[in-house]
Amino acid sequence: MSLQGKVAIVTGSGRGLGLAYAQELARQGAAVVVNDVDAATAADAVASITSAGGQAVSVVAPVGSTETAKQLVQTAVDTYGRLDILVTNAGVLRDTVLWKMSDDDFDTVIGVHLRGTFTCVREAATYMRANEIAGRIICIGSPTGQRGNFGQTNYAAAKAGIVGMVRTWALELKKAGITANAVIPVAATAMTATVPYFAAAMEADAQGEPMPPFFRHDLGFGTADDVAGLIAYLASDEASGVNGQAIGVGGDRLQVWSHPEPVVTAYHDGGWSYDALHADFAGLFQAQDVGEKFPPLPDDLQPTAAKA
Ligand SMILES: NC(=O)c1ccc[n+]([C@@H]2O[C@H](COP(=O)([O-])OP(=O)(O)OC[C@H]3O[C@@H](n4cnc5c(N)ncnc54)[C@H](O)[C@@H]3O)[C@@H](O)[C@H]2O)c1
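Numbering (the UniProt record's numbering), first residue to last: 1 to 308.
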């Protein structure tokens, strides 16, 4: 097993994608520190790993603060003697349009995702550098962070920020042999359960049936387990050359995202004054679309309410 002897922390791993990541890392041989705010799901997650022959311990604490980050790293070191892998996965949603979004909606999402990623990675990277461990930092982004999404100001800011931090950490940690990458997952979990577009896929999953090929293939939408293999791969020694990347995975689909690049470069002697822009901008401008691209749902996969 390729992760034998390694120790991992997965934040928000009581259920959903985090649970699938923790279970897969354990299946590949890593000892895992499970973390969640929900004590019961954290205990169940640990039991699911240990009953399958793996090693796991839990830390019930909210990710966001430096205190929790220190507790997570300390638990890994105290329990298993080291830390090799950190997956920052914990997350919450407070969706609403900009003009209805409260300060609390914004701060809560930024606090868990962006601050939680920052504090945990700072703690883990500090430990890995001090102990000369060629560690693996895997942070969880979202298609919303890559392209924007209606009703998700807070979440888009947090997830785009995470990918921005990952690019920076890839530069800062490279010399220490530590990689930092972002995974952009899409999967059936509590977080996607209420999206009408995914209803037919969620129903199939709930009934233990395979999801329709449209979801798995065309949309790249599958189960949490479909994402877990990439997490374990990026955590392995074989992935030492993968650094600073944002890699999307869902269902049967894997996508390597580009980093933002200028699509138009133009020069104007003396600089781009208001008058110069009036004269030339229209001829240079190329409109780019924003938002996630969802192909139209086939008729037989429409949500029941829309079909009726
Ligand atoms: N499901 C998707 O399609 C999808 C798509 C893109 C990104 N993501 C991201 O994947 C991650 C996991 O999402 P999911 O779909 O499994 O959601 P989920 O709601 O099923 O799981 C999130 C887990 O995080 C825990 N959590 C919440 N706040 C926490 C905190 N402060 N500290 C520790 N744990 C906390 C929750 O209790 C829960 O167990 C999130 O970062 C999410 O933004 C999910």
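Each residue gets a CB set at the ideal place from its N, CA and C atoms; glycine is no exception.
- At a threshold of 7 angstroms, M101 does not count as near ligand 1, since its beta carbon sits no closer than that to any of the ligand's heavy atoms.
- Taking C-beta atoms as the reference points, V87 and A8 count as a pair closer than 8 angstroms.
- A Cβ-Cβ separation of about 6 angstroms places D36 in contact with V60 under the 8 angstroms criterion.
- Taking a C-beta distance under 8 angstroms as the contact criterion, T144 and L98 do not qualify as a contact pair.
- In the DSSP secondary-structure assignment, C139 is bridged to T88 and A182.
- Between A157 and W169 a beta carbon distance of about 18 angstroms is seen, past the 8 angstroms cut, so the two are scored as non-contacting.
- In the DSSP annotation of this structure, the continuous segment of the alpha helix (DSSP H) that includes S48 starts and ends at A39 to T50.
- As summarised for the region 105-183, the continuous alpha helix (DSSP H) elements at least 4 residues long and confined to that stretch are 116-130, 143-147 and 153-173, given in chain order.
- Within the DSSP secondary-structure output, G250 pairs in a beta bridge with R253.
- For the beta strand (DSSP E) assignment, the uninterrupted runs of no fewer than 3 residues enclosed by the region 48-82 are, from N- to C-terminal side, 55-60.
- Per the coordinates, the alpha-carbon of G151 lies some 36 angstroms from the alpha-carbon of T126.
- In terms of Cα proximity to T189, the closest of T75, G18 and Q146 is G18.
- In this structure, the beta-carbon distance from G141 to V63 does not fall below 8 angstroms.
- The closest CA to that of R136, considering only L284, Y197, E238 and V249, is found on E238.
- CA-CA distance, E209 to V92, rounds to 27 angstroms.
- Here G229 carries a helix assignment [DSSP, helix/strand/coil].
- M101 has its alpha-carbon roughly 22 angstroms from the corresponding atom of P196.
- Note that the C-beta distance between A69 and C120 is below 8 angstroms.
- In the three-state DSSP reduction, A204 falls in the helix class (H, G or I).
- As the crow flies, the alpha-carbon of H217 is around 15 angstroms from that of A224.
- From the listed residues I184, Y21 and G14, the smallest Cα separation to L3 is found for Y21.
- Judged by DSSP in its simplified three-state form, G14 adopts coil rather than helix or strand.
- I140 has its CB nearer than 7 angstroms to a heavy atom of ligand 1.
- Taking the Cβ of L297 as the reference point, every heavy atom of ligand 1 lies at 7 angstroms or farther away.
- When Cβ pairs closer than 8 angstroms are counted between the two stretches, the region 246-262 is seen to touch the region 224-235, the count reaching three or more.
- In the assembly as shown, N131 is an exposed residue. Its beta-carbon has fewer than 16 other beta-carbons within 10 Å.
- Taking 7 angstroms as the cut-off, the C-beta of P196 does not count as close to any heavy atom of ligand 1.
- When the Cα atoms are used, A160 and Q146 turn out to be separated by approximately 6 angstroms.
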